[in-house]
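So the protein lines, in turn, are chains Z and S.
Counting in this note's numbering, the first sequence runs from 3 upward without gaps.
Counting in this note's numbering, the second sequence runs from 573 upward without gaps.
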Amino acid sequence: MKIIVCIKQVPDPNTTVSKLDPNTKRLVRTGVSLVLDPGDESTISAAIKLRDTLGSSEVIALSMGPESAQEGMRRALAMGADRAILVTDPALAGSDALATARVLAAAIKKEGADLIFCSTESTDGYTGMVPGAMAEFLGLPQLTFAREIQIEGSKAVIKRVVPTGYKTVESSLPAVVTIASGSFEAIYPTMKGIMGAKKKPFTKLTIADLGIEPAQVGEAGARERVLTIGKVEARAAGQVIKDDGSAAQRIAEFLQRYQLL
Amino acid sequence: MSNTIWVLIELENGQPARSSLEVLGKAAKLGRAEAVVLGAAAAEVAPTLGAYGAEKVYIHADATYDNYLTLPAVDTLSALLNDHQPRLLLLATTYELRDIAARLMVRNNLGLITDATDLAFAGEELQVTVPWGGENVVTATHPHQGTGIVLTRPKAFAVEQFDGRTPEVETLSISINSAAQAIKIVDSVDVASEGPALEDASVIVSGGRGLGKAENFQLVEALAKALQGAPGATRAIVDAGWLPYSYQIGQTGKTVKPTLYVAAGISGAIQHLAGMKGSKYIIAINKDENAPIFSVADLGVIGDALTILPQLTEEVKRRKA
Ligand SMILES: Cc1cc2nc3c(=O)[nH]c(=O)nc-3n(C[C@H](O)[C@H](O)[C@H](O)COP(=O)(O)OP(=O)(O)OC[C@H]3O[C@@H](n4cnc5c(N)ncnc54)[C@H](O)[C@@H]3O)c2cc1C
Ligand SMILES: Cc1cc2nc3c(=O)[nH]c(=O)nc-3n(C[C@H](O)[C@H](O)[C@H](O)COP(=O)(O)OP(=O)(O)OC[C@H]3O[C@@H](n4cnc5c(N)ncnc54)[C@H](O)[C@@H]3O)c2cc1C
């Protein structure tokens, strides 16, 4: 079984507060430390585990992004992916979810796959639109918010997280599957994995390789426009007290003052 | 361009989802609101939507929409949008509506804006408010002709009442393609959490990793009970297996807007704040005076949650008695 996992690099959510550039109106990605999206770490781990249970299968990491995305892809390879494909092209800067899905779908079509894994949403843009849009471009069913996945013959069966519990949902293969964040523990790369990653196949593609016109992607193809960027009104910082043994009393007084008790 | 705004109404156990009614009310304040209801209960639900703002309701009462995800709804909506060209299609951000929106965007080549907290028209121009990355707020628009899709953030709008409005109901006569029956629901399992549903609770007491171990979550539950509220959690302790996912509040969990939110042993990561900072009053208990949660708290208490929570529960019970 051939499993393609879509991954991307994002500003490190643990050390950076995402910022928008007031001129380009895009996310600032320079001068911040970029990491493989923590959600995607869990997704790629799910794919690797599935590959190892199924046997004679392959995991391919696919990303659309700038050259610097290679670092995140090396991490995916160190975690255990077999090879990597990066679609990189100056025309791609400023792509919206539609363009991103168009490019990824074209790369998947070129490669061919039985299963395509994504995270339900990314940590930086978090539109959650890319996987479903990609499935539509490919004409494939999508199984979303999976916290478990099983392959039963020619079917994929997932446990789909819903607000009240879960639903068991199935479709034929090939299919696009999105993994609910936190459902699979991320594999931690070993030293051996890190060394081995350097020797694994790494392909780079441009949009011309995929038969996509520059006008269909990037800023040129975007179907949404940012008009203004403003600052959120900060919540007025409240009162901070140190517990000297009377904290419970003080909180109860606060609750009574605002008629919460 | 028309000022007709469509809202796809999601059905939950045969009833319109509250999140869809919130969006319908907003649509009715912006223009002429028309609803689309797909599923076995569509015909019963349709007339009730006038009271929430709908002037017209398109229905297709067919259980296929309830048993197969996404694709039947995409087929029907795609054709309807082509025929009627409304100005906007508004959807609440829920699991199922999100999936439908993503495919419609591609099939009908539409612009799509996610995570909106408000919409307005300045003359002809649509202006969508999108909070972004914790400190920014963006206004965005659909610069192209044709229908635009907007997904709105849960709880962004209140449910509105439109007394005496009776919607025109149009019954669609279409048949669902068998190819659309590709994503099949095999079964449904409810993992109900105790107490009032988080989304509707006016008081929420949440716990995080600072509680130390799973057993200590009962301190959170006890305070929630004393305040007649619901217990919630951070992703850190849901991932750790202390609690089911239904407790998780934040970017990838539930969005809540209670009158009172008590955060105990929670650092205040941006992804957690995304789900709760709309609360009216926030009280935070954390050992670390530099914890980011204090920047949104109306009352911050630097101290040990494990000692303060039980004392507070007793104090609340005493003052209520
Ligand atoms: C402030 C701001 C607001 C935005 N709002 C919108 C909007 O309303 N509408 C819109 O169309 N775009 C919007 N975008 C742009 C959008 O974030 C980008 O188009 C992005 O490429 C789409 O990805 P996402 O991060 O939202 O992906 P999601 O759909 O959240 O990603 C889900 C999964 O898809 C896969 N994936 C996503 N991107 C890639 C990639 N480049 N390479 C490999 N796999 C990938 C990953 O598995 C990922 O976890 C916005 C961007 C910013 C900065
Ligand atoms: C894509 C993505 C999506 C995410 N979505 C969500 C989401 O939906 N919801 C969510 O919550 N998180 C989400 N997260 C995770 C988020 O980034 C944080 O990791 C998480 O919120 C931290 O949980 P916490 O506050 O319980 O734990 P920690 O960050 O470990 O904080 C524990 C806090 O407890 C304090 N503490 C320790 N002992 C005590 C004590 N005895 N008394 C009082 N205080 C004490 C510590 O000082 C610390 O501040 C997401 C992350 C990513 C990458």
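Here a beta-carbon is modelled for each residue, glycine too, at the ideal position from N, C-alpha and C.
Residue i: contacting residues in chain Z (beta-carbon distance under 7 Å)
i, result
"Met677 (chain S)", "Leu100, Met131, Ala135"
"Thr724 (chain S)", "Within 7 Å Cβ-Cβ: nothing; Thr724 (chain S) doesn't reach chain Z, min ~13 Å."
"Leu902 (chain S)", "With chain S represented from 573 up to 893, any question about residue 902 (chain S) goes unanswered, as that position is not in the structure."
Pair within 8 Å by beta-carbon distance, residue i and residue j
i, j, result
"Ser778 (chain S)", "Gly804 (chain S)", "yes"
"Val709 (chain S)", "Thr701 (chain S)", "yes"
"Ile5 (chain Z)", "Ser59 (chain Z)", "yes"
"Ala158 (chain Z)", "Ile181 (chain Z)", "no"
"Gln657 (chain S)", "Ser574 (chain S)", "yes"
"Ile209 (chain Z)", "Leu94 (chain Z)", "yes"
"Ala798 (chain S)", "Thr885 (chain S)", "yes"
"Ser47 (chain Z)", "Glu221 (chain Z)", "no"
"Gly625 (chain S)", "Leu583 (chain S)", "no"
"Arg604 (chain S)", "Ile577 (chain S)", "yes"
"Asp870 (chain S)", "Ile857 (chain S)", "no"
"Leu894 (chain S)", "Ile721 (chain S)", "With chain S represented from 573 up to 893, any question about residue 894 (chain S) goes unanswered, as that position is not in the structure."
"Arg659 (chain S)", "Leu263 (chain Z)", "no"
"Leu795 (chain S)", "Val834 (chain S)", "yes"
"Phe729 (chain S)", "Val617 (chain S)", "no"
"Gln699 (chain S)", "Leu229 (chain Z)", "yes"
"Thr665 (chain S)", "Thr724 (chain S)", "yes"
"Leu881 (chain S)", "Leu815 (chain S)", "no"
"Thr125 (chain Z)", "Gly41 (chain Z)", "yes"
"Gly683 (chain S)", "Arg225 (chain Z)", "yes"
Interface residues of chain S facing residue i [CB-CB closer than 9 Å]
i, result
"Lys244 (chain Z)", "Glu861, Val873, Ile874, Gly875"
"Glu221 (chain Z)", "Per Cβ cutoff of 9 Å: no residues; Glu221 (chain Z) is ~11 Å from chain S at best."
"Glu172 (chain Z)", "Ile755, Lys756, Ile757, Val758"
"Ala103 (chain Z)", "Ala674, Met677, Val678"
heavy atom of ligand 4 below 7 Å from residue i C-beta
i, result
"Arg807 (chain S)", "Ligands present in the displayed structure are limited to ligand 1 and ligand 2, and ligand 4 is not among them."
Within chain S, the residues that residue i reaches when beta carbons sit closer than 7 Å
i, result
"Ile253 (chain Z)", "Ile855, Leu871, Val873, Leu884"
"Ile231 (chain Z)", "Asn708, Val710"
"Ala250 (chain Z)", "Ile880, Gln883, Leu884, Glu887"
"Val234 (chain Z)", "Pro703, Glu707, Asn708, Val709"
"Pro92 (chain Z)", "Neighbours of Pro92 (chain Z) on chain S: none; closest Cβ ~22 Å, over 7 Å."
Contacts that residue i makes with chain Z (C-beta to C-beta distance below 9 Å)
i, result
"Pro715 (chain S)", "Ala224, Arg225, Glu226, Arg227"
"Ala599 (chain S)", "Ordered by position in chain Z, no residue passes the 9 Å Cβ test against Ala599 (chain S), which lies about 19 Å from the chain."
Nearest-angstrom beta carbon gap, residue j and residue i [assumed within contact, 8 Å]
i, j, result
"Leu36 (chain Z)", "Gln11 (chain Z)", "4 Å"
"Gly837 (chain S)", "Gly875 (chain S)", "Gly837 (chain S) to Gly875 (chain S), Cβ: 11 Å. No contact."
"Thr831 (chain S)", "Lys849 (chain S)", "About 14 Å separates the two Cβ atoms, so there is no contact after all."
"Val646 (chain S)", "Ala607 (chain S)", "So it is not a contact: roughly 17 Å between Cβ atoms."
"Gly184 (chain Z)", "Val609 (chain S)", "About 34 Å; that fails the 8 Å criterion."
"Ile153 (chain Z)", "Gly82 (chain Z)", "Not a contact, Cβ separation roughly 18 Å."
"Val629 (chain S)", "Val741 (chain S)", "5 Å"
"Pro739 (chain S)", "Glu668 (chain S)", "About 23 Å; that fails the 8 Å criterion."
"Ser174 (chain Z)", "Pro203 (chain Z)", "The pair is not a contact, with the Cβ atoms about 29 Å apart (cut-off 8 Å)."
"Lys169 (chain Z)", "Asp759 (chain S)", "7 Å"
Chain-ordered chain Z contacts of residue i [CB-CB under 8 Å]
i, result
"Val810 (chain S)", "Gly184"
"Val763 (chain S)", "Thr166, Gly167, Tyr168"
"Arg604 (chain S)", "Here the premise fails: no neighbours, minimum Cβ distance about 24 Å."
"Lys892 (chain S)", "Leu263"
Contact list for residue i against chain S, beta-carbon separation under 8 Å
i, result
"Phe204 (chain Z)", "Within chain S, no residue comes near Phe204 (chain Z); the closest Cβ sits about 29 Å away, beyond 8 Å."
"Leu22 (chain Z)", "Trp704, Gly705, Asn708, Val710"
Would you list, in chain order, the members of the region 152-170 of chain Z that have their beta-carbon closer than 9 Å to a beta-carbon of chain S? For the region 152-170 of chain Z, the beta-carbon criterion of a distance under 9 Å to any beta-carbon of chain S is satisfied by Val159, Lys161, Arg162, Val163, Val164, Pro165, Thr166, Gly167, Tyr168, Lys169, Thr170.
Quick check: the region 824-841 of chain S against the region 194-212 of chain Z, are there 3 or more CB pairs under 8 Å? Verdict: no, contact absent.
Taking only beta carbons into account, state which residues of the region 817-837 of chain S come closer than 9 Å to chain Z, listed in chain order. For the region 817-837 of chain S, the set of positions with a beta-carbon nearer than 9 Å to some beta-carbon of chain Z reads Tyr817, Ser818, Gln820, Gln823, Thr824, Lys826, Thr831, Leu832, Val834 in chain order.
Cβ-based contacts, 7 Å cut-off: residues of the region 694-711 of chain S near chain Z: Listed by position along the chain: Gln699, Pro703, Trp704, Gly705, Gly706, Glu707, Asn708, Val709, Val710, Thr711.
Count Cβ pairs between the region 138-150 of chain Z and the region 16-34 of chain Z that sit closer than 8 Å; are there 3 or more? With the cut-off at 8 Å, the region 138-150 of chain Z and the region 16-34 of chain Z do not touch.
Using a Cβ cut-off of 7 Å, which residues of the region 35-53 of chain Z contact any Cβ in chain S, in chain order? Correct list: empty, as no residue qualifies.
Touch test, the region 97-113 of chain Z against the region 674-686 of chain S, Cβ-Cβ under 8 Å, three pairs minimum: Counting Cβ pairs under 8 Å, three or more are found: they touch.
Under 8 Å, CB to CB, which of the residues in the region 733-761 of chain S have a partner in chain Z? Listed in sequence order: Ala754, Ile755, Lys756, Ile757, Val758, Asp759, Ser760, Val761.
Decide if the region 719-737 of chain S is in contact with the region 46-54 of chain Z; the criterion is three or more beta carbon pairs, one per stretch, under 8 Å apart. The region 719-737 of chain S is not in contact with the region 46-54 of chain Z.
Got a sec: which bits of the region 6-18 of chain Z sit with their beta carbon under 8 Å from any beta carbon on chain A, in order along the chain? Of the protein chains in this structure, namely Z and S, none is chain A.
Between the region 129-136 of chain Z and the region 101-113 of chain Z, are three or more C-beta pairs nearer than 8 Å? Taking a cut-off of 8 Å for Cβ pairs, the region 129-136 of chain Z and the region 101-113 of chain Z touch, as three or more such pairs fall below it.
Note down, in chain order, all residues in the region 657-686 of chain S with a beta-carbon under 9 Å from any beta-carbon belonging to chain Z. Going along the region 657-686 of chain S in chain order, one finds Thr665, Thr666, Tyr667, Glu668, Arg670, Asp671, Ile672, Ala673, Ala674, Arg675, Leu676, Met677, Val678, Arg679, Asn681, Leu682, Gly683, Leu684, Ile685, Thr686 with a Cβ nearer than 9 Å to chain Z.
Chain S contacts made by the region 189-202 of chain Z, where a contact means CB separation under 9 Å: From the region 189-202 of chain Z, no residue has a Cβ closer than 9 Å to chain S.
Taking three-plus beta-carbon pairs below 8 Å as touching, is the region 244-255 of chain Z in contact with the region 632-650 of chain S? Taking 8 Å as the limit for Cβ pairs, the verdict is that the region 632-650 of chain S does not touch the region 244-255 of chain Z.
Are the region 111-119 of chain Z and the region 686-705 of chain S in contact at 8 Å, needing three or more beta carbon pairs? Segments in contact, no.
In the region 785-811 of chain S, which residues sit with their C-beta less than 8 Å from some C-beta in chain Z, listed in chain order? Under the 8 Å Cβ criterion, the region 785-811 of chain S contributes Leu799, Arg807, Val810, Asp811.
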